[in-house]
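For the sequence shown, my numbering assigns the number 572 to the initial residue and increments by one for each residue that follows.
Even glycine gets a Cβ: it sits at the ideal position worked out from N, Cα and C.
What follows is one structure encoded as structure tokens, with my remarks underneath.
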Amino acid sequence: MQNTKISWCDHSWNPWIGCSRVSEGCRNCYADRRAKQYGWAKWGVKTPRHITSVDYWKQPLAWNRKAMKTGKRVRVFCASLADVFEGHPDLVEPRRRLFDLIRQTSGIDWLLLTKRPEVASMLPPDWGDGYPNVWLGVSVEDMRVAHRLDTLRQIPAVVRFISYEPALGRLDAADISGFHWLIYGGESGPHFRADDTDWARAIRDKCKREGVTFFYKQSSGRNPAKHPKLDGVLHEHWPRSRRMRKVREQTGVRVSA
């Protein structure tokens, strides 16, 4: 069922392509590399964003129909080749269309991940306590950008998650209260910066102490292993919350794993 190699979701989907760098975590951006490889878009603040096609935008509707038919929810990472909350002028209308699409697809859990957690002004007027099928995530590569957690923590969401990717330093001194899930991943690709297994161990133990679900995606490497283990244990776990259970009861579409 997956159309992505990203182990913590079922599908990745991009309403547009293109972004700009904001911190050290962006230095070896795989999305920039892929965009240049396929001629999709150029990276930078002033370059135009490539809005994906009308037919492509129909994919989530098909996934939702299947989810409603089978009673099995799917997780969609949006967007692997962009940042939903980038304040680029090309994205005002596409972002409105994206939230319209999200409202139509109650069988999908949308995972919106950003390096720009100052998102309140970009959320739709009816956001309220958060859409029941949207998980909000923030990328934090080390303590230099741990302040992003404080910002996203103030935004209501059914699930808040942390992408500790690419892991560039320790993060176990960060305040992870108010978050439900943390994904650890070392950097991949031809110019990867090596991580340290002790960083993963420390944040794993902190998550356990604080009741945050821990997902170990990979250690660093040019081609990281699929389904790796940390100290001999596979950590591929997804969050659970009281509000999530209520959503599934109301829609009749259960969690996918």
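Here's a check: name, in chain order, each residue in its chain whose Cβ is nearer than 8 angstroms to the Cβ of residue i, leaving out the five neighbours to either side.
i, result
"ASP743", "TRP770, ALA773, ILE774, ASP776, LYS777"
"LEU662", "TRP587, ARG620"
Give me the DSSP bridge partner(s) of residue i.
i, result
"VAL645", "ILE679"
"SER594", "SER594 is not bridged to any residue."
"SER734", "SER710, ILE754"
"PHE786", "ILE754"
"GLY589", "ALA653"
"THR685", "VAL709"
"HIS621", "ILE588"
"LYS800", "LEU805"
"HIS582", "VAL647"
What is the rounded straight-line gap between the Cα of residue i and the Cα of residue j?
i, j, result
"LYS643", "ILE679", "9 angstroms"
"PHE763", "ILE733", "21 angstroms"
"LEU669", "THR722", "23 angstroms"
"TYR787", "GLU595", "21 angstroms"
"ASP844", "CYS649", "Since the first residue shown for the chain is 572 and the last is 828, residue 844 is missing from the structure and cannot be characterised."
"PHE785", "ASN585", "25 angstroms"
"SER692", "VAL655", "13 angstroms"
For the ligand GDP, is there a heavy atom less than 7 angstroms away from the beta-carbon of residue i?
i, result
"GLN608", "Annotation note on the ligand GDP: not contained in the displayed structure, which lists no ligands."
Quick one: give me the first and last residue of the alpha helix (DSSP H) that residue i is part of.
i, result
"GLN608", "601–609"
"LYS629", "Counting along the chain, LYS629 falls outside any alpha helix (DSSP H), and DSSP gives it neither H nor E."
"HIS718", "718–723"
"ASP769", "768–781"
Of the choices the options, whose alpha-carbon is the least far from that of residue i?
i, options, result
"HIS798", "ALA765, VAL705, TYR755", "TYR755"
"HIS751", "ALA728, ASP767, PRO737", "ALA728"
"GLY760", "GLY782, ARG719, CYS600, ALA691", "CYS600"
"ARG780", "LYS686, PRO795, ASP746, ARG731", "ASP746"
"LEU672", "ARG724, TRP628, GLY589, ALA738", "TRP628"
"SER790", "GLU758, GLY782, ARG811, VAL783", "GLU758"
"PRO665", "ARG636, TYR735, TRP587, TRP706", "TRP587"
"ARG687", "ARG667, LYS607, THR575, ILE726", "ILE726"
Give me, in chain order, the residues of the same chain whose beta-carbon lies closer than 7 angstroms to that of residue i; leave out the 5 immediate sequence neighbours on both sides.
i, result
"MET572", "Low confidence applies here, because MET572 scores a pLDDT of 39, under 50, leaving its location unreliable and the question unanswered by this model."
Might you give, ordered along the chain, the residues of its own chain that have their beta carbon closer than 6 angstroms to the beta carbon of residue i, omitting 5 neighbours on each side?
i, result
"ALA602", "LEU652"
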